[in-house]
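Peer 1: Just so you know, the sequences run in chain order A and B. One gets my numbering by counting positions in the first sequence from 1 and adding 1 to each. One gets my numbering by counting positions in the second sequence from 1 and adding 5 to each. Here a beta-carbon is modelled for each residue, glycine too, at the ideal position from N, C-alpha and C. For reference, the structure I am asking about is given below.
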Amino acid sequence: MNRSELSSGRPAAPAVAHAPSRPVRTAILGVIGLVFAVPIVAMVEFTLRKGLGGGHDFSRWSALFAGGASGQYRPVLTALGNSVGLALGTVLIVLLLLVPTLLLVHLRFPRLRRLIEFVCILPISIPAIVLVVGLAPVYSVIAGIVGSGVWTLAFAYGITVLPFAYRAIQSNLDGVDVRTLSEAARTLGAGWGSVLLRVLVPNLRRGILAGAFIAIAVVLGEFTIASLLNRITLQTALVVVSKADPYTAVILSLLALGFAFVLLLVIGRLGAVRTRPARRPTPGGQP
Amino acid sequence: MIQPQTQPTIQAETRPRTQAESRPRPGAVVEFSGVVKEFAGHRALAGFDLTLHAGEFVALLGPSGSGKTTALRVLAGLESTDAGSILIDGTDVSRMATSRRDMGMVFQSYSLFPHLSAGENVEFGLRMRKVRGEERRSRAAEALALVGLDAHYDRFAHQLSGGQQQRVALARALVTRPRVLLLDEPLSALDAKVRVQLREEIRRIQTELGITTLFVTHDQDEALAVADRVAVMRDGLVEQVGTPEELYTRPASPFIADFVGLSNRLAGEVRHGFARVQGAVLPLVDPSHPDGDVLVSVRPEDLELTDLELTEDDARGQVLSTSFHGSLRRTTVRLDDGTLVFVQHGARLHPSKGDRIGVRFTGVPVSVETLRPEA
């Protein structure tokens, strides 16, 4: 989708001087694809096993879909809902807090950049378990104020995704002349709101989307913090299920993978559609 | 990469005018008075005064760090002022938000919005002013036609050459019919040929629209070529304002003489309103200058090379080097007292390195600077 758009709207990028040849590229892609595919294929194979005899069938899949949702696996569905909600909450925190902060630092307080970078990268060097030790008393306060709903985990996740989201957005920020673009927009009569929404966000779309993708991926895969703070998310629910029925747990993991994949695809699609330039109704444009 | 010039007509004049356009828009009068701007202790503007008359094209010229870009940016509202006032048609705008000042600005770096096509870039200012779809598009197309790029409405910035991008930026700045046009070294990123072409075009469009324009540049050729008046800046102040001819022929100080065009700076003295230098007596631009030792600025074209055989009074020296500049030639001569002078003369005269030669002053008034005693 993106590729065809690029080739139609923009001139072809010049060939890199020492780009690997086509067979080499294919080989590299193949090896990497294999590394990713083996565990997934193994999972699929595992769920298709029939008893101890060595045959394969779909009995476990059909059993799950036949009556699973009615009672036994309901907690997993609830957990999935929790995780998706958390992912959205975390993305919101990143978009509403991190993006404006980085823009403000970039435009108004460039001296703070070092500090912001340090603060944003810091969480990556702190193990989740250490984070939880620090967060537990904080959450007892949070619980007292806004209750102990699952969504409050978004605060903690907002911190854990910070390093990844920061890198994604900052590198985009460095590649765009944000200062000149915003000054140009202001001289053309745009207030700060218009500068942000009509000029900066569209040009930082790539970084913002990448940051959002990473936030979603991290949240859907996070286990330690949720488990230690006793919140039910997809990962913690899967662990509970796997203790009772490993086959079903793997099936659900596969479904979760597929779900995350579709989610990212949808978000990518939404982002791509917005950049498509609006065409003028009159092609010649002569008034 | 610049497209051949298409018919430079203003179509706005020939078609029925819309309400937004029918507002009377003769160029605005801009007055800076006593504007001060400090950056972390450094005074970028130190009581800056300048008036731009309606429809006038004024160039702000100066070395880097002289405050010229700051002056333009405080007018645009991109920097705040610490003191002083900026009046546009009598109204103080120094506390007004940039977006409300109604300026058009072209930046030094390419500033087209990369996610919008050329046409959409030009539409941006109209969109901010809530101009409706059809009118917006036709006005944008008109503005692009004004800069000769109406065929490039759907192109994106990365599909345009540098010169084309700056033209689109110019169209974008002009489409809203702003009160003042601000040009912040818009040509400095372009190559020499495009630069000259585009500066002529900017001047033509500015004259057609009659829009008051402030043009910041560090290139004296550019300033002298296009501006009605040039203000030369130094250390946050205007050192001299005048027509290009005034600045060139009657520089108020050797700094101006040196900055606007080439200049020889020679030791001499002032006696009774005349400068004595290398045995010659020259009139002063400012005859009231007090007597004493001075540095005298003499243009290379105000010196002549002479044949030693025919002269007795002229300064004498030896040719060090000579360089060819098309129709003219510039020769460096070391005078017998060790002073180096540049002489500009016709290209037919071709002195060789090492020649003994005479140098004569043509008697054009010169500017002088009192020598400060060495500390």
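How many whole angstroms separate the CB atoms of residue 364 of chain B and residue 325 of chain B, which I take to be in contact at a CB cut-off of 8 Å?
Peer 2: Here residue 364 of chain B corresponds to residue number 359 of the second sequence, with the count starting at 1. Here residue 325 of chain B corresponds to residue number 320 of the second sequence, with the count starting at 1. That pair is no contact at about 12 Å.
Peer 1: Kindly list, in the order they appear in chain B, the residues whose Cβ is closer than 8 Å to that of residue 204 of chain A.
Peer 2: Here residue 204 of chain A is taken as the residue at index 203 of the first sequence, counted from 1. Contact annotation for residue 204 of chain A against chain B: 118, 119, 120 [CB-CB distance below 8 Å, chain order].
Peer 1: Any contact between the stretch 222 to 232 of chain A and the stretch 193 to 210 of chain A? By contact I mean 3 or more CB pairs, one from each, below 8 Å.
Peer 2: Counting Cβ pairs under 8 Å, fewer than three are found: no touch.
Peer 1: Can you tell me where the beta strand (DSSP E) holding residue 59 of chain A begins and where it ends?
Peer 2: Within the first sequence, residue 59 of chain A is the residue found at index 58, counting from 1. Per DSSP, residue 59 of chain A lies in no beta strand (DSSP E) and is assigned neither H nor E.
Peer 1: Quick check on residue 98 of chain A: buried or exposed, where buried means 16 or more other Cβ atoms within 10 Å of its Cβ?
Peer 2: As a working note, residue 98 of chain A is residue 97 in the first sequence. Exposed, since its Cβ has fewer than 16 Cβ neighbours within 10 Å.
Peer 1: According to the Cβ coordinates, are residue 192 of chain B and residue 203 of chain B closer than 7 Å?
Peer 2: Residue numbering aside, residue 192 of chain B sits at position 187 when the second sequence is read from its first letter. Residue numbering aside, residue 203 of chain B sits at position 198 when the second sequence is read from its first letter. A contact, by the Cβ cut-off of 7 Å.
Peer 1: Closer than 8 Å by C-beta to residue 113 of chain A: which residues in its own chain qualify, once you throw out the five before and the five after it? Chain order, please.
Peer 2: Residue numbering aside, residue 113 of chain A sits at position 112 when the first sequence is read from its first letter. Once the five neighbours on either side are set aside, the close Cβ partners of residue 113 of chain A are 106.
Peer 1: Distance, Cα to Cα, residue 275 of chain B vs residue 191 of chain A?
Peer 2: Numbered from its first residue, the second sequence carries residue 275 of chain B at position 270. Numbered from its first residue, the first sequence carries residue 191 of chain A at position 190. The straight-line gap from Cα to Cα measures roughly 57 Å.
Peer 1: Taking Cβ positions, are residue 50 of chain B and residue 63 of chain B nearer each other than 7 Å?
Peer 2: Position 45 of the second sequence, counting from 1, holds the residue named residue 50 of chain B. Position 58 of the second sequence, counting from 1, holds the residue named residue 63 of chain B. Result no, Cβ atoms of residue 50 of chain B and residue 63 of chain B do not sit closer than 7 Å.
Peer 1: Should residue 110 of chain B and residue 162 of chain B be called a contact, given that it needs their Cβ atoms to be closer than 7 Å?
Peer 2: Position 105 of the second sequence, counting from 1, holds the residue named residue 110 of chain B. Position 157 of the second sequence, counting from 1, holds the residue named residue 162 of chain B. Cβ distance not < 7 Å, so residue 110 of chain B and residue 162 of chain B don't count as in contact.
Peer 1: How would you label residue 139 of chain A, buried or exposed, when you count the other beta carbons within 10 angstroms and need 16 or more for buried?
Peer 2: Translated into positions along the first sequence, residue 139 of chain A becomes position 138. The residue is exposed, with fewer than 16 neighbouring Cβ atoms inside 10 Å.
Peer 1: Do residue 217 of chain B and residue 61 of chain B have their C-beta atoms closer together than 7 Å?
Peer 2: Numbered from 1 along the second sequence, position 212 holds the residue referred to as residue 217 of chain B. Numbered from 1 along the second sequence, position 56 holds the residue referred to as residue 61 of chain B. A contact, by the Cβ cut-off of 7 Å.
Peer 1: Reducing DSSP to helix, strand and coil, say where residue 155 of chain B ends up.
Peer 2: For the purposes of this step, residue 155 of chain B is taken as the residue at position 150 of the second sequence. The three-state reading of DSSP puts residue 155 of chain B in helix, counting H, G and I together.
Peer 1: Going along chain B in order, which residues have a C-beta closer than 9 Å to the C-beta of residue 213 of chain A?
Peer 2: Sequence index remark: in the first sequence, residue 213 of chain A carries index 212 (1-based). Chain order gives no chain B residues near residue 213 of chain A, where near means a beta carbon separation below 9 Å; the closest approach is about 18 Å.
Peer 1: At a cut of 8 Å, does the stretch 267 to 286 of chain B reach the stretch 334 to 348 of chain B through at least three beta carbon pairs?
Peer 2: yes
Peer 1: Measure the CB-CB distance between residue 196 of chain A and residue 186 of chain A and report whether it falls below 7 Å.
Peer 2: For this step, residue 196 of chain A is matched to residue 195 along the first sequence. For this step, residue 186 of chain A is matched to residue 185 along the first sequence. Yes, Cβ-Cβ distance for residue 196 of chain A and residue 186 of chain A is below 7 Å.
Peer 1: Please report how far the alpha carbon of residue 291 of chain B lies from the alpha carbon of residue 257 of chain B, in whole angstroms.
Peer 2: The count along the second sequence starts at 1 and reaches residue 291 of chain B at position 286. The count along the second sequence starts at 1 and reaches residue 257 of chain B at position 252. Roughly 8 Å between the two C-alpha positions.
Peer 1: Measuring alpha carbon to alpha carbon, tell me which of A/87, A/109, A/173 ends up nearest residue 222 of chain A.
Peer 2: Along the first sequence, read from residue 1 onward, the residue named residue 222 of chain A stands at position 221. Minimum Cα distance to residue 222 of chain A is reached at A/87.
Peer 1: Within 10 angstroms of the Cβ of residue 286 of chain B, are there 16 or more other Cβ atoms? Answer buried if so, exposed if not.
Peer 2: Reading the second sequence from its first residue, position 281 is the one you call residue 286 of chain B. Its Cβ having fewer than 16 others within 10 Å, residue 286 of chain B is exposed.
Peer 1: Who are the neighbours of residue 218 of chain B on chain A, taking C-beta pairs under 7 Å?
Peer 2: In the second sequence, the residue the question calls residue 218 of chain B occupies position 213. Chain A residues near residue 218 of chain B: none, gap ~14 Å exceeds 7 Å.
Peer 1: Cα separation between residue 65 of chain B and residue 251 of chain B?
Peer 2: Against the second sequence, residue 65 of chain B aligns to sequence position 60. Against the second sequence, residue 251 of chain B aligns to sequence position 246. Each residue's Cα considered, the two are about 15 Å apart.
Peer 1: Candidates B/207, B/159, B/131: which alpha carbon is nearest residue 168 of chain B's?
Peer 2: As a position in the second sequence, residue 168 of chain B is number 163, starting the count at 1. Looking at the Cα atoms, B/207 is the closest of the given residues.
Peer 1: Does DSSP put residue 216 of chain A in a helix, a strand or coil?
Peer 2: Your numbering for residue 216 of chain A matches position 215 in the first sequence. Reduced to three states, the DSSP call for residue 216 of chain A is helix.
Peer 1: Rounded to the nearest angstrom, what separates residue 11 of chain A and residue 189 of chain A at their Cα positions?
Peer 2: Start at 1 with the first residue of the first sequence, and residue 11 of chain A comes out as number 10. Start at 1 with the first residue of the first sequence, and residue 189 of chain A comes out as number 188. Below a pLDDT of 50, predicted positions are generally treated as unreliable, and residue 11 of chain A, at 42, falls in that range; no measurement from the model is reported.
Peer 1: Identify which residue in B/121, B/323, B/321, B/240 has its Cα closest to the Cα of residue 173 of chain B.
Peer 2: Residue numbering aside, residue 173 of chain B sits at position 168 when the second sequence is read from its first letter. Closest option to residue 173 of chain B, Cα to Cα, is B/121.
Peer 1: Can you tell me whether residue 329 of chain B is helix, strand or coil according to DSSP?
Peer 2: What you label residue 329 of chain B is simply residue 324 of the second sequence in a count that begins at 1. Strand.
Peer 1: Is the beta carbon of residue 235 of chain A less than 7 Å from the beta carbon of residue 261 of chain A?
Peer 2: Reading the first sequence from its first residue, position 234 is the one you call residue 235 of chain A. Reading the first sequence from its first residue, position 260 is the one you call residue 261 of chain A. Going by C-beta atoms, residue 235 of chain A is not nearer than 7 Å to residue 261 of chain A.
Peer 1: By Cβ distance below 7 Å, which residues in the same chain neighbour residue 375 of chain B in space, the five residues on each side in sequence not counted?
Peer 2: If you number the second sequence from 1, residue 375 of chain B lands on position 370. Cβ within range, chain order: 297, 299.
Peer 1: With 7 Å as the C-beta to C-beta threshold (strictly closer), list the residues of the stretch 127 to 153 of chain B near chain A in chain order.
Peer 2: 129, 130, 133, 134, 142, 143, 146, 147
Peer 1: Of the residues that make up the stretch 177 to 189 of chain B, which ones have a beta carbon closer than 8 Å to any beta carbon in chain A?
Peer 2: 177, 178, 181, 187
Peer 1: Give the list of continuous beta strand (DSSP E) stretches no shorter than 3 residues that lie fully inside the stretch 262 to 288 of chain B.
Peer 2: Entirely contained in the stretch 262 to 288 of chain B, the beta strand (DSSP E) runs reaching 3 residues are, in chain order, 269 to 276, 279 to 282, 285 to 288.
Peer 1: Is the shortest distance between the beta-carbon of residue 366 of chain B and the beta-carbons of chain A less than 7 Å?
Peer 2: To locate residue 366 of chain B, count along the second sequence from 1; it is residue 361. Answer no: the Cβ-Cβ gap between residue 366 of chain B and chain A never drops below 7 Å.
Peer 1: Taking the alpha helix (DSSP H) that residue 94 of chain A belongs to, which residues open and close that run?
Peer 2: Walking along the first sequence from the start, residue 94 of chain A turns up at place 93. In this chain, the alpha helix (DSSP H) harbouring residue 94 of chain A covers 75 to 94.
Peer 1: With distances taken from CA atoms, which of B/130, B/124, B/182, B/131 is nearest residue 156 of chain B?
Peer 2: As a working mapping, residue 156 of chain B is identified with position 151 in the second sequence. Among B/130, B/124, B/182, B/131, the Cα nearest to that of residue 156 of chain B is on B/124.
Peer 1: So for residue 143 of chain B, helix, strand or coil by DSSP?
Peer 2: In the second sequence, counting from the first residue as 1, residue 143 of chain B sits at position 138. In the structure shown, residue 143 of chain B sits in a helix (DSSP, three-state: H, G or I).
Peer 1: What is the DSSP secondary structure of residue 223 of chain B, counted as helix, strand or coil?
Peer 2: To locate residue 223 of chain B, count along the second sequence from 1; it is residue 218. Residue state, collapsed to three classes: coil.
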